[in-house]
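Numbering (the numbering used here), first residue to last: 27 to 965.
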């Protein structure tokens, strides 16, 4: 017997929906209400039989909550939805309203070329993931590669898996051999694995690039894309190679490209134009001061700042309201100061050598490395004195400067590479006996310092205790691995048993870093995380930490901003986050960095409202200041009077302020105006009505838990429920690691182990699924069934007998795409109500149906009479079939109109769209409301 797509069948002890691409002998089946991940291939010979959904049993009566509870649970449980945003039903995250804007913009393009330039912490990963999931779901794309820095690769893999249900393979230098062994024949990695997260720096090399370009998927997401474009004279070979790769990818006119960057402009107009050229070559040259030029850009560009979306439509998005910053000075101990002065004298001597320019540059960087390490911690200084200087391997003065700037000044030529946290070396090549003896003396003194009182640590302990007392768990950022380990040991001793201290450094692979942080957050009491800049990007820490302490100054303001951005982002539950900067009052090094870079960066950010990277010329200014310190013994204040240094400083600050001002004007000029709020509101309302509103989710969870004998209490931010009374089947379905009692918060963010009243929350999904499954199983213990498929109650809200029906529909969707006609089977639910008998039904409008669902009953109906009422209603279902079929057709027309609205820019797709209902809606529930005695007719 042949089956058509959309037919209901039974096989392997459950009901399934037949999907397109099935044949007479082999069927592709999806469980009713299930995900595409649950699809199974079944041979027709396995005993597949036609199935019809049975009507409710007239004697299986529930209480007055049943109608509302079953309806809400059904909507919450839908995964294969019929609406225009197919992705919303299957993902494990509920997007904020503003996050639908990039998706709507993408669906208006035949080939998606979109730059998402939202502010830091707004959720660009979710926005890009939504687009990718939608394009894959409707067949507009067959595969996906995410290009990002190695530091972000595992986070992207985790986000795709946990939020979007995509299993991505990591393509890194450390994984490529394993992936290559899994290939079949001559296929490439990207042909073998359709979804990948790729290190941009691994794949950009000429050896790897050509194979990637030849077999690259038809959809690419590029994260931090501003590091992948170059202007004339900007950056080094790494940036140039990445830009060449981007240009080659963009040449394929059929490739979807989703680009993400919080700083797409950064004040550099040429680099910005090159970036826009990846979206549309015309944007490289178009006049963006002209309205038509901006309209062209608006089709491909979305940029919002926090103020734009803090309240969007009917939704508030919680961000920290303020970032409280504080500078704390400390003075070196006499012993530490004496060693610092000795090292400074040594440094001055070595950089004045007459042994040639190369030796002079090597000595210069070695001296600076030693001073920086000594300012960080005695342990870092000792490690530096044991380690050969990296610049000693240079063959020319220019090479020595490149190595030195990357290692010492935090100014790597390649800003996409993860920050190195290894302690730099300062030891010269062997053979310089007198120098070696002198350095060994410094090493001995540094080692002795570690056993004595450290005033920098003392200042840190005081600030950390203050933060803990104010309810903040801090992250302490250090520059070097040795310092982080030293600081963690000191804090662990000073803070006592009620505070857990852990360190995370680059010695751990990325997955273990995340595990250690999770273990720390799970500990009882307060927490302090000590970390290097391996955590300054790529790992979001806002759920568990509320403050940042800069134990060591980063010599790059962008790095400071990245550190603080780990806690100052969406998902932070604290109204205020704190940032404390420690600096040495008398070590001279910190004064230069603080005055010239960090304070100026903050001043410009406050003046313009934007953060931009420090201009490339900052290296020359810092080097000039450090040179003055080493060669002339002047401190930062004295050097500011030096005319040559003063001129360089002034030029840097002017360039920096100009860049920030251009970025500010760019954000205003190019702000998102292509999608109007009312357009988003219309589609959001339709999606929520189909999938369940926040109020419906709360009502469903609260009523189900009450019915299952949980103790449920309302709180200021949601519901708290005990889990012990729940059936074992439901307890097993709840996610591991949950709290008990369990908080169901009204909105994000939530603590680890709590739930949020969202249809995509794992605990909410488990409850909704249990409600549906138990309602359909009339053999289950009645005490374990919170909802039934039918009930009869008295209701003051009705004057005649009124029947409410819950129906489930299946729809055939035909979506034309560049890969051919995509046929999908989707599901939706509807609730109808009529007055009178089925044979003379007077149908009610949607508003009246909603009122009935929310109405409170006034009394019960005796069981024999209730069974009689219900038997009449169930026996009359066949009489009502023509109306149900008409409603299915009407719903299909509404769905078609919605699909056309969101794809309005593509005439070809709009013309080919079709939505048709599968005959025979499933009647899941029948609920009869009779008027109070004497109030009207119950006949």
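Quick reminder that beta carbons are idealized off the backbone N, C-alpha and C, glycines included. From a predicted model like this one, the values you see are computed outputs, not experimental measurements.
Using a 10 Å radius around the Cβ and a threshold of 16 neighbouring Cβ atoms, would you call residue 871 buried or exposed? For the purposes of this step, residue 871 is identified with residue 845 of the chain shown, where counting begins at 1. Exposed is the call here.
For residue 718, which of helix, strand or coil comes out of DSSP? The sequence position of residue 718 within the chain shown is 692, counting from 1. Assigned with DSSP and collapsed to three states, residue 718 falls in coil, not helix or strand.
Task: Local conformation of residue 174 per DSSP, three classes - done: In the chain shown, the residue the question calls residue 174 occupies position 148. Residue 174 falls in the strand class under three-state DSSP.
Given 8 Å as the limit, tell me if residue 474 has its C-beta closer than that to any heavy atom belonging to the ligand FMN.
For the ligand FMN, the structure offers nothing, since it holds no ligand at all.
### Inter-residue spacing [alpha-carbon to alpha-carbon] between residue 76 and residue 114
Taking the first residue of the chain shown as 1, we reach residue 76 at position 50. Taking the first residue of the chain shown as 1, we reach residue 114 at position 88. Rounded to the nearest angstrom, the two C-alpha atoms are 30 Å apart.
**Study point:** According to DSSP, residues forming a beta bridge with residue 356
**Key:** Reading the chain shown from its first residue, position 330 is the one you call residue 356. DSSP lists 610 as partners of residue 356.
Please list, in chain order, all residues of the same chain as residue 505 whose beta carbon is under 6 Å from its beta carbon, the five residues on each side excluded. As a first step, residue 505 is located in the chain shown; it is residue number 479 there, counting from the start. Excluding residues within five positions, the ones whose Cβ falls inside 6 Å are 402, 578.
Would you report the Cα separation of residue 867 and residue 825, rounded to the nearest angstrom?
-> Numbered from 1 along the chain shown, position 841 holds the residue referred to as residue 867. Numbered from 1 along the chain shown, position 799 holds the residue referred to as residue 825. Spanning the two alpha carbons is a distance of roughly 15 Å.
Worksheet item: What residue does the alpha helix (DSSP H) around residue 797 start on, and which one ends it?
Response: Taking the chain shown and counting its residues from 1, one reaches residue 797 at position 771. Where residue 797 is concerned, the enclosing alpha helix (DSSP H) stretches over 788 to 802.
Original post:
By DSSP, does residue 959 sit in helix, in strand, or in coil?
Top reply: Reading the chain shown from its first residue, position 933 is the one you call residue 959. DSSP places residue 959 in coil when its eight states are reduced to three.
**Message:** Once DSSP output is grouped into helix, strand and coil, what is the label at residue 55?
**Reply:** The residue you call residue 55 lines up with position 29 of the chain shown. The answer is strand: DSSP assigns residue 55 an E or B state.
* Asked: Near residue 892, what residues of its chain come up, given a Cβ to Cβ distance below 7 Å and the 5 sequence neighbours on each side ignored?
  -> Within the chain shown, residue 892 is the residue found at index 866, counting from 1. Only residues of its own chain outside the window of five on either side were considered, and among them 87, 818 have a CB closer than 7 Å to the CB of residue 892, listed in chain order.
*According to the neighbour-count rule (16 or more other Cβ atoms, all chains shown, within 10 Å of its Cβ), is residue 740 buried or exposed?*
Here residue 740 refers to the residue found at position 714 of the chain shown. Around the beta carbon of residue 740, a 10 Å sphere encloses fewer than 16 other beta carbons of the protein chains shown; the residue is thus reported as exposed.
- [ ] Pull up the DSSP beta-bridge partners for residue 502, would you.
- [x] Along the chain shown, read from residue 1 onward, the residue named residue 502 stands at position 476. DSSP output for residue 502 lists 556, 575 as bridge partner(s).
Problem set entry | Backbone secondary structure at residue 602 - three-state DSSP | Here residue 602 refers to the residue found at position 576 when the chain shown is read from its first residue. Strand, per DSSP.
Legend entry - Endpoints, the alpha helix (DSSP H) within which residue 821 is located: The residue given as residue 821 occupies position 795 in the chain shown. No alpha helix (DSSP H) contains residue 821, which DSSP labels as neither H nor E.
(Q) Considering Cα atoms alone, identify which of 43, 497, 583 is closest to residue 601. (A) Looking up residue 601 in the chain shown gives position 575. Ranking 43, 497, 583 by Cα distance to residue 601 puts 497 first.
Practice problem: Whole angstroms is fine: what's the gap from residue 947's alpha carbon to residue 917's? | Solution: If you number the chain shown from 1, residue 947 lands on position 921. If you number the chain shown from 1, residue 917 lands on position 891. Taking the straight line from one Cα to the other gives about 12 Å.
| said: Going by beta-carbon coordinates alone, are residue 502 and residue 513 separated by less than 9 Å? | reply: Position 476 of the chain shown, counted from the first residue, corresponds to residue 502. Position 487 of the chain shown, counted from the first residue, corresponds to residue 513. Here residue 502 is near residue 513, since their CB atoms are less than 9 Å apart.
**Request:** Indicate the three-state DSSP secondary structure (helix, strand or coil) for residue 834 in the structure shown.
**Result:** On the chain shown, position 808 is the one that residue 834 refers to. Residue 834 falls in the strand class under three-state DSSP.
- prompt: Expressed to the nearest angstrom, what Euclidean distance is found between the alpha-carbon atoms of residue 85 and residue 781?
  reply: By 1-based counting over the chain shown, the position of residue 85 is 59. By 1-based counting over the chain shown, the position of residue 781 is 755. For residue 85 and residue 781, the distance between alpha carbons rounds to 36 Å.
Grab the span of the alpha helix (DSSP H) containing residue 616 for me, first residue to last. Here residue 616 refers to the residue found at position 590 when the chain shown is read from its first residue. From DSSP, the alpha helix (DSSP H) with residue 616 extends over 615 to 619.
Below 8 Å, can you find three or more Cβ-Cβ pairs linking the segment 304 to 311 to the segment 265 to 283? The segment 304 to 311, when compared against the segment 265 to 283, does touch it at the 8 Å Cβ threshold.
Practice item. On a CA-only basis, which of 188, 229, 185 is nearest residue 201? Give me that one, please. Key: Translated into positions along the chain shown, residue 201 becomes position 175. Of the listed residues, the one whose Cα sits closest to residue 201 is 229.
task: Along the alpha helix (DSSP H) that carries residue 943, what are the first and last residues, could you check?
output: Translated into positions along the chain shown, residue 943 becomes position 917. Counting along the chain, residue 943 falls outside any alpha helix (DSSP H), though it belongs to the beta strand (DSSP E) covering 940 to 943.
Subject >> Residue from 140, 194, 116 whose Cα sits closest to the Cα of residue 160 >> reply: Your numbering for residue 160 matches position 134 in the chain shown. Considering only alpha carbons, the answer is 116.
**Prompt:** Expressed to the nearest angstrom, what Euclidean distance is found between the alpha-carbon atoms of residue 248 and residue 67?
**Reply:** Locating residue 248 in the chain shown gives position 222, counting from the first residue. Locating residue 67 in the chain shown gives position 41, counting from the first residue. Spanning the alpha carbons of residue 248 and residue 67 requires a straight line of approximately 35 Å.
State the start and end residues of the unbroken alpha helix (DSSP H) segment that holds residue 125. Position 99 of the chain shown, counting from 1, holds the residue named residue 125. Going by DSSP, residue 125 is part of no alpha helix (DSSP H) at all; its letter is neither H nor E.
Problem - Contacts around residue 178, its chain only, beta-carbon distance under 8 Å, and the 5 residues preceding and following it disregarded - result: For the purposes of this step, residue 178 is taken as the residue at position 152 of the chain shown. For residue 178, where only same-chain residues beyond five positions count, the Cβ hits under 8 Å are 249, 250, 563, 564.
**Asked** Shortest alpha-carbon distance to residue 227 belongs to which of 254, 245, 208, 210?
**Response** Within the chain shown, residue 227 is the residue found at index 201, counting from 1. By alpha-carbon distance to residue 227, the top candidate from 254, 245, 208, 210 is 254.
Beta-carbon proximity of residue 853 to residue 941, cut-off 9 Å:
In the chain shown, the residue the question calls residue 853 occupies position 827. In the chain shown, the residue the question calls residue 941 occupies position 915. No. Outside cutoff.
Subject >> Length of the line joining the Cα atoms of residue 664 and residue 425 >> reply: In the chain shown, counting from the first residue as 1, residue 664 sits at position 638. In the chain shown, counting from the first residue as 1, residue 425 sits at position 399. Confidence at residue 664 is low in this model, with a pLDDT of 45, below 50, so the placement of that residue is unreliable and no value is reported for it.
* Asked: Between the C-alpha atoms of residue 429 and residue 435, what's the straight-line distance to the nearest angstrom?
  -> Walking along the chain shown from the start, residue 429 turns up at place 403. Walking along the chain shown from the start, residue 435 turns up at place 409. Straight-line spacing of the CA atoms in residue 429 and residue 435 works out to 10 Å.
Checklist entry - Rounded C-beta distance between residue 97 and residue 857? I'm assuming under 8 Å. => result Working through the chain shown from its first residue, we reach residue 97 at position 71. Working through the chain shown from its first residue, we reach residue 857 at position 831. Confirmed, about 6 Å.
Three-way DSSP call (helix, strand, coil) for residue 948 in this model: Residue numbering aside, residue 948 sits at position 922 when the chain shown is read from its first letter. Residue state, collapsed to three classes: strand.
>> Can you find the residues in the same chain that come closer than 7 Å, C-beta to C-beta, to residue 372, ignoring five residues on each side of it along the sequence?
In response: Residue mapping note: residue 372 aligns to position 346 of the chain shown, counting from 1. 464, listed in sequence order.
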